[in-house]
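Those letters in the sequence shown? Residues 477 to 879, per my numbering, in order.
Report on one structure; see the data block that follows.
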Amino acid sequence: MLSAVYKKELLELVRDKKTLVFMILLPLLIFPALFGSLAIFSVKTIQKEQARVLSYAVVGASDDNPILDLLKQEAGFKLYLGQTEGLSSTEIRELIRQNKVDFVLKIPTNHSTLMDGNLQSDWQLHFYNADGINSVFNRVKNMTNQLNQNLTESKLIHLGLASDQVPGVIKPIKLLKQDVAEKKESLGSQLGGLVSYILLPLCLMGAIYPAIDLAAGEKERGTLETLLITPVPRTTLVLGKFLTIFTASFTSALMAILSLAIWGFIFAQGLAVEIVIKVIGTLGVLDLLLALFMLVPVVMFFAALVLSISIYAKNFKEAQNFMAPLSLMIFIPLIIALLPGIKLNWHLALIPISNVALAIKEILKGQADPWMLSVIWGSQLGLALLMLTACIYWFSKEKVLFR
Numbered sequence: 477m478l479s480a481v482y483k484k485e486l487l488e489l490v491r492d493k494k495t496l497v498f499m500i501l502l503p504l505l506i507f508p509a510l511f512g513s514l515a516i517f518s519v520k521t522i523q524k525e526q527a528r529v530l531s532y533a534v535v536g537a538s539d540d541n542p543i544l545d546l547l548k549q550e551a552g553f554k555l556y557l558g559q560t561e562g563l564s565s566t567e568i569r570e571l572i573r574q575n576k577v578d579f580v581l582k583i584p585t586n587h588s589t590l591m592d593g594n595l596q597s598d599w600q601l602h603f604y605n606a607d608g609i610n611s612v613f614n615r616v617k618n619m620t621n622q623l624n625q626n627l628t629e630s631k632l633i634h635l636g637l638a639s640d641q642v643p644g645v646i647k648p649i650k651l652l653k654q655d656v657a658e659k660k661e662s663l664g665s666q667l668g669g670l671v672s673y674i675l676l677p678l679c680l681m682g683a684i685y686p687a688i689d690l691a692a693g694e695k696e697r698g699t700l701e702t703l704l705i706t707p708v709p710r711t712t713l714v715l716g717k718f719l720t721i722f723t724a725s726f727t728s729a730l731m732a733i734l735s736l737a738i739w740g741f742i743f744a745q746g747l748a749v750e751i752v753i754k755v756i757g758t759l760g761v762l763d764l765l766l767a768l769f770m771l772v773p774v775v776m777f778f779a780a781l782v783l784s785i786s787i788y789a790k791n792f793k794e795a796q797n798f799m800a801p802l803s804l805m806i807f808i809p810l811i812i813a814l815l816p817g818i819k820l821n822w823h824l825a826l827i828p829i830s831n832v833a834l835a836i837k838e839i840l841k842g843q844a845d846p847w848m849l850s851v852i853w854g855s856q857l858g859l860a861l862l863m864l865t866a867c868i869y870w871f872s873k874e875k876v877l878f879r
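Written out as structure tokens, the structure reads:
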């Protein structure tokens with residue numbers, strides 16, 4: 477009888493176009509398209525900013541100042557031909573804000589004297605950085621860093637130091653980076669938190685609409701009473717609806733994983749095949765399947781939770797209002813898994829949602845403790861069964877069913 481209820485609810489669900497949008501179209505097409513477009517737009521914007529020709533003016537520099545030659549040699553800089561000598565800070569500010577120049581480099585008039593006396597010369601870089609990108613500052617800083625190195629080397633050689641000794645004086649200690657972490661650990665740490673951050677909200681979103689339609693929606697359509705007068709036990713009705721919501725939610729997660737592979741292939745124009753093979757080869761298929769298996773009790777919890785909320789709601793609109801905070805609250809425990817330096821321990825293993833997100837991260841790193849995974853899976857399953865029991869009890873109350 478349970479299978480008959482499940483098939484009936486699932487068939488009605490897939491006939492609804494809105495369900496197909498939330499369960500398949502949203503994770504498969506819409507979200508990847510949005511995120512992909514945002515990523516491409518961001519990359520293009522940064523590349524455009526880095527390739528932009530910067531108009532500049534130099535105030536206070538003598539004709540033999542090496543910075544003038546460096547700026548002329550660089551293709552990305554264009555000298556402002558207007559009057560700049562003797563400009564005050566206010567006039568420089570207005571010059572930049574009127575978009576006549578991108579930056580003004582103000583050099584002390586006694587720069588040569590300071591250099592001859594081996595003293596530090598303070599240069600002022602005036603630029604506009606309301607967007608916070610710091611592109612102008614970074615490009616000029618790279619140039620002045622090179623100039624600093626050249627001046628330091630020439631000064632040391634002038635003081636009698638051999639050219640091969642200059643690097644040892646400028647930078648006596650050179651720190652060589654030797655990371656002992658394996659590729660799997662590094663890749664798993666980077667992907668683990670992100671995978672959970674994407675999959676778990678999608679699982680919740682995939683459960684919300686079917687739950688609203690199968691409970692509050694039936695209240696609004698007046699078909700719930702017809703179900704209740706059938707000889708099917710209430711528990712069987714609840715389990716049938718629960719399994720339908722679980723199927724829809726888990727399908728959303730699978731569609732999200734599939735879409736990542738498809739859109740990765742499209743955006744990389746075939747190059748992603750090699751990357752996907754490398755990622756799977758590094759992480760391991762069993763690890764990926766185990767990470768997916770860890771989602772099962774969470775999806776069960778989501779399905780029971782949203783079904784309980786939906787059956788309490790009077791109508792479709794009220795159910796949507798009740799569900800809205802869940803979409804935001806899910807991110808609070810997930811943020812823990814994204815924080816740098818956070819590792820799964822027995823204390824964090826007791827925090828719902830966060831424990832699964834951290835467990836997936838540890839699985840992909842290849843450092844998961846089997847006992848801890850068992851405890852997390854079991855505790856999350858117990859929480860899901862507890863919520864399902866509450867949902868069944870909720871369905872037995874007529875004051876809830878007929879609010």
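Glycine residues also receive a C-beta, built at the ideal position from the N, C-alpha and C atoms.
Tell me which residues share the same chain as residue i and place their Cβ nearer than 8 angstroms to its Cβ, disregarding the 5 neighbours each side in the sequence.
i	result
Q596	L590
L544	V534 and A537
T620	I543 and W599
With distances taken Cα to Cα, identify the nearest neighbour of residue i among the options.
i	options	result
K717	S531, M848 and L781	L781
A833	F769, F798, N791 and K790	F769
Q559	P542, G536, Q549 and E550	G536
S662	L783, K841 and V612	K841
Y604	S630, K576 and L857	K576
I546	W853, K484 and N624	Checking the sequence shown, residue 546 turns out to be Leu, not Ile. Answer by Cα proximity: N624.
D539	I568, I583 and V714	I583
S725	D763, T706, L783 and P707	L783
L489	A551, S518 and E694	E694
K494	T706, L690 and K650	L690
K875	A789, E570, P773 and L766	A789
D598	A606, I609 and N586	N586
G698	L496, A795, L487 and F878	F878
M805	I829, S872, S564 and E794	I829
V519	I609, M776 and I818	I609
A551	I568, G562, Q526 and E561	Q526
L862	L820, L514 and M776	M776
K617	L734, H602 and S630	H602
S672	I836, L505 and V612	I836
L820	L764, G669 and C867	G669
D578	S565, Q622 and Y532	Y532
L734	I500, H634 and R491	I500
Taking residue i and residue j to be in contact with their CB atoms under 8 angstroms, please state how far apart those CB atoms are, rounded to whole angstroms.
i	j	result
K554	L530	7 angstroms
A464	N791	The structure shown does not extend to residue 464, since the chain spans only 477 to 879, so no value can be given for it.
F778	L680	5 angstroms
A795	S786	5 angstroms
T463	L486	Coverage of the chain is limited to positions 477 through 879, which leaves residue 463 absent and any answer about it impossible.
V708	C867	That belief does not hold up - the Cβ atoms of V708 and C867 are roughly 16 angstroms apart, past 8 angstroms.
Please name the residue or residues paired with residue i in a DSSP beta bridge.
i	result
V534	L581
K554	S531
Q600	K582
Excluding the five sequence neighbours on either side, which residues of its own chain have a C-beta within less than 7 angstroms of the C-beta of residue i, listed in chain order?
i	result
L675	A729, A732 and L771
P846	none
G746	Note on G746: pLDDT 49, under 50, position unreliable in the model; the coordinate value appears next. Hits under 7 angstroms: none found.
L667	L840
T712	M477, L478 and V481
A825	N831, M848, V851 and I852
S872	R710
I827	P809
P773	W853, Q856, L857 and A860
S588	S538
At a Cβ threshold of 8 angstroms, is residue i touching chain C?
i	result
I829	The chain inventory of the structure shown lacks chain C, comprising one protein chain alone.
Near residue i, what residues of its chain come up, given a Cβ to Cβ distance below 6 angstroms and the 5 sequence neighbours on each side ignored?
i	result
A844	E838
Y869	none
Query raised in the report: Does the region 812–827 come close enough to the region 637–654 that 3 or more CB-CB pairs lie under 8 angstroms?
Result: Counting Cβ pairs under 8 angstroms, fewer than three are found: no touch.
Query raised in the report: Should the region 846–857 be regarded as contacting the region 683–697, the criterion being three or more beta carbon pairs within less than 8 angstroms?
Result: No: fewer than three Cβ pairs fall under 8 angstroms.
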